[in-house]
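Colleague: This is the structure, below, for whatever I ask next.
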Amino acid sequence: AEALQRLREVFDIDELPPDVLPSKKPPQFMVDLFNKVADANGITRAPGLLQGDVVRSFEDRVHVDHHRFYFDISAMEKGEQVLKAELRVFKLKRTRLSRRSDVQHFCTVEVYELLDSENKPQKKHLIASRLLSLYTEGWEVFNVTQTVSKWVGNSSSNHGFWITTTHVSNNGMERNLVTFAKSQGTLQESRNAFLVLFTNSNKQRSHSFVPSATIDVMESSSASRSRRPRAAAAPAARSQLTACHRRELYVDFHAIGWSGWIIYPSGYNAFYCTGSCLFPLGESLNATNHATVQSIVYTLKLSQDVSTPCCVPDELKSLNLLYFDDKQNVILKNYKDMVATRCGCH
């Protein structure tokens with residue numbers, strides 16, 4: 001239990017989310033974003049692909065009114081900085097053609113911030129507007145960073161968005177010819193509107209990588225489990241120790257009991273470093289100058305208190321998790337220094 005609690009701290013999970021998979025589906029945009037920044041094991045493809053270290057998606061909570069969109073962003077953590085906020089709505093194709101011969105094929109879409117909780121659309125502030133084709137369908141993305149940043153600072157000011165469409169022709173003005181998808185069934189669930197926040201968590205995770213307390217929980221091979229600290233090795237056996245190298249350490253989220261809310265990946269290989277750092281330290285051991293001197297002092301027995309250098313991760317990569325939080329929002333989070341890609345003597 002203590003080991004799993006420590007693992008939750010590493011992954012910054014305060015409360016374990018409920019199991020919602022496989023019945024609940026994540027927004028396709030979030031899945032595509034995960035695949036863009038990470039490989040199948042969640043390892044970051046390249047630095048700088050993700051803006052910030054957390055991407056949060058919030059589903060629209062209004063299912064009846066086709067003009068109003070509301071997102072509960074209370075899951076935002078204290079100190080989290082909003083870098084960018086996007087309102088993503090799916091415009092439905094207009095099937096009914098106008099009988100008017102002079103009809104224009106474009107309409108004006110306007111996005112407002114609602115200023116009143118009484119759902120009075122007259123109390124609103126214009127955020128964005130653009131021209132859209134009447135007869136095409138697809139996702140429309142509006143930048144709402146300034147508005148959402150205000151809501152994060154003062155949650156009581158969040159009354160949602162209001163979207164209107166206006167079509168102007170020679171014969172006058174028509175309103176709301178175009179509608180945006182709402183979640184009213186399985187068909188439109190994947191088209192439901194959502195708010196995407198790119199943020200910086202501003203958290204210093206001092207307990208990065210894999211804590212030693214959890215290694216026994218996650219190692220799969222019995223040979224790995226029998227491993228003991230190097231200091232316990234008998235002097236006679238030291239010559240038989242293999243040099244510092246990297247070995248597999250697979251973290252299986254199903255075995256831990258987290259597969260009901262982690263979407264991707266199903267697990268990942270954290271790797272760990274083991275082996276001796278005895279003199280002479282070859283180039284393959286990526287030894288620091290300090291470790292080289294320490295190994296010489298140890299070999300020459302110049303000090304009784306000096307031990308051999310340690311075999312530790314020399315290079316680390318970050319891990320990405322796509323998961324449902326305890327409010328069933330989908331989150332993509334980047335964790336630094338989670339995978340050992342190289343070992344060395346330090």
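Counted from 1, the sequence shown has number 214 at position 214 by UniProt numbering; the numbering is strictly sequential.
Virtual Cβ for every residue (Gly too), placed ideally from N, Cα, C.
From what residue to what residue does the alpha helix (DSSP H) around residue 290 run?
Modeller: Residues 289-299.
Colleague: Starting from residue 254, follow its DSSP beta bridges and name the residues at the other end.
Modeller: BP columns for residue 254 are empty, so no partner.
Colleague: Going by C-alpha to C-alpha distance, which of 129, 114, 48, 130 sits closest to residue 123?
Modeller: When only C-alpha atoms are compared, the closest one is 114.
Colleague: Tell me which same chain residues have a C-beta within less than 7 Å of the C-beta of residue 162, skipping the five on either side of it?
Modeller: Excluding sequence neighbours, residue 162 sits near 67, 68, 112, 114, 121, 124.
Colleague: Whose CA, out of 287, 339, 328, 38, lies closest to the CA of residue 61?
Modeller: It is 328 whose Cα lies nearest to the Cα of residue 61.
Colleague: Whose C-alpha, out of 140, 331, 22, 144, is nearest the C-alpha of residue 86?
Modeller: Measuring from the Cα of residue 86, the nearest candidate turns out to be 144.
Colleague: Quick one, which of 182, 289, 301, 165 has its alpha-carbon nearest residue 63's?
Modeller: Closest option to residue 63, Cα to Cα, is 182.
Colleague: Measuring alpha carbon to alpha carbon, tell me which of 283, 341, 300 ends up nearest residue 315.
Modeller: Answer by Cα proximity: 341.
Colleague: Under the rule that 16 or more other beta-carbon atoms within 10 Å means buried, what is residue 173, buried or exposed?
Modeller: Classification for residue 173: exposed.
Colleague: Going by C-alpha distance, which of 248, 246, 263, 247 is nearest residue 254?
Modeller: Nearest C-alpha to residue 254: 263.
Colleague: Are the CB atoms of residue 321 and residue 198 nearer to each other than 7 Å?
Modeller: No, the Cβ-Cβ distance between residue 321 and residue 198 is not below 7 Å.
Colleague: Does DSSP put residue 62 in a helix, in a strand, or in coil?
Modeller: Note: residue 62 maps to coil in three-state DSSP.
Colleague: What are the boundary residues of the beta strand (DSSP E) that residue 269 is part of?
Modeller: Run containing residue 269: 267-269, per the beta strand (DSSP E) assignment.
Colleague: For the pair the segment 8-18 and the segment 289-298, tell me if three or more CB-CB distances fall below 8 Å.
Modeller: The answer is no - the segment 289-298 does not touch the segment 8-18, with fewer than three Cβ pairs under 8 Å.
Colleague: The beta strand (DSSP E) spanning residue 318 covers which residue range?
Modeller: 311-324 is the extent of the beta strand (DSSP E) around residue 318.
Colleague: Considering only the beta carbon of each residue, do residue 291 and residue 345 sit closer than 7 Å?
Modeller: Yes, the Cβ-Cβ distance between residue 291 and residue 345 is below 7 Å.
Colleague: Can you tell me the Cα-Cα spacing of residue 282 and residue 35, whole angstroms?
Modeller: Approximately 38 Å, taken between the alpha carbons.
Colleague: Tell me the DSSP secondary structure of residue 340 in three-state form.
Modeller: Residue state, collapsed to three classes: strand.
Colleague: Count the other C-beta atoms from every protein chain shown that fall within 10 angstroms of the C-beta of residue 280, then say buried if there are 16 or more, exposed otherwise.
Modeller: Under this definition residue 280 is an exposed residue.
Colleague: Going by DSSP, what residue range makes up the beta strand (DSSP E) through residue 138?
Modeller: 138-143 is the extent of the beta strand (DSSP E) around residue 138.
Colleague: According to DSSP, is residue 191 part of a helix, a strand, or is it coil?
Modeller: DSSP places residue 191 in coil when its eight states are reduced to three.
Colleague: Counting C-beta neighbours from all protein chains within 10 Å, is the total for residue 336 16 or more, i.e. buried, or is it exposed?
Modeller: Classification for residue 336: exposed.
Colleague: Taking 6 Å as the limit between beta carbons, can you name the residues of its chain near residue 89, skipping five residues before and five after?
Modeller: For residue 89, where only same-chain residues beyond five positions count, the Cβ hits under 6 Å are 140, 180, 193.
Colleague: Measuring straight from C-alpha to C-alpha, what distance separates residue 158 and residue 137?
Modeller: Using only the alpha carbons, I get a separation of about 28 Å.
Colleague: According to DSSP, what are the bridge partners of residue 200?
Modeller: Bridge partners of residue 200: 81.
Colleague: When burial is assigned at 16 or more other CB atoms within 10 Å of the CB, is residue 38 buried or exposed?
Modeller: Label assigned to residue 38: buried.
Colleague: Identify which residue in 333, 305, 92, 65 has its Cα closest to the Cα of residue 190.
Modeller: Answer by Cα proximity: 92.
Colleague: Determine the direct distance from the alpha carbon of residue 277 to that of residue 309, and round the result to whole angstroms.
Modeller: Computed Cα separation, rounded: 6 Å.
Colleague: Given that a residue counts as buried once 16 or more other Cβ atoms are within 10 Å of its Cβ, and exposed if not, what is residue 167?
Modeller: Classification of residue 167: buried, given that the 10 Å Cβ count is 16 or more.
Colleague: Determine the extent of the alpha helix (DSSP H) in which residue 180 is found, giving its start and end residues.
Modeller: Here residue 180 belongs to no alpha helix (DSSP H), and DSSP marks it neither H nor E.
Colleague: Mind checking who residue 3 pairs with in its DSSP beta bridge?
Modeller: DSSP output for residue 3 lists no bridge partner at all.
Colleague: From 23, 303, 164, 76, pick the residue whose C-alpha is nearest to that of residue 154; which is it?
Modeller: For the residues 23, 303, 164, 76, the minimum Cα distance to residue 154 belongs to 76.
Colleague: Need the endpoints of the alpha helix (DSSP H) that residue 34 sits in, please.
Modeller: Per DSSP, residue 34 belongs to the alpha helix (DSSP H) from 28-37.
Colleague: Beta strand (DSSP E) containing residue 114: first to last residue?
Modeller: Segment 106-114, the beta strand (DSSP E) holding residue 114.
Colleague: For residue 20, does the three-state DSSP call read helix, strand or coil?
Modeller: Residue 20: coil per DSSP, three-state reduction.
Colleague: State yes or no: is the C-beta of residue 267 within less than 7 Å of the C-beta of residue 242?
Modeller: Cβ distance not < 7 Å, so residue 267 and residue 242 don't count as in contact.
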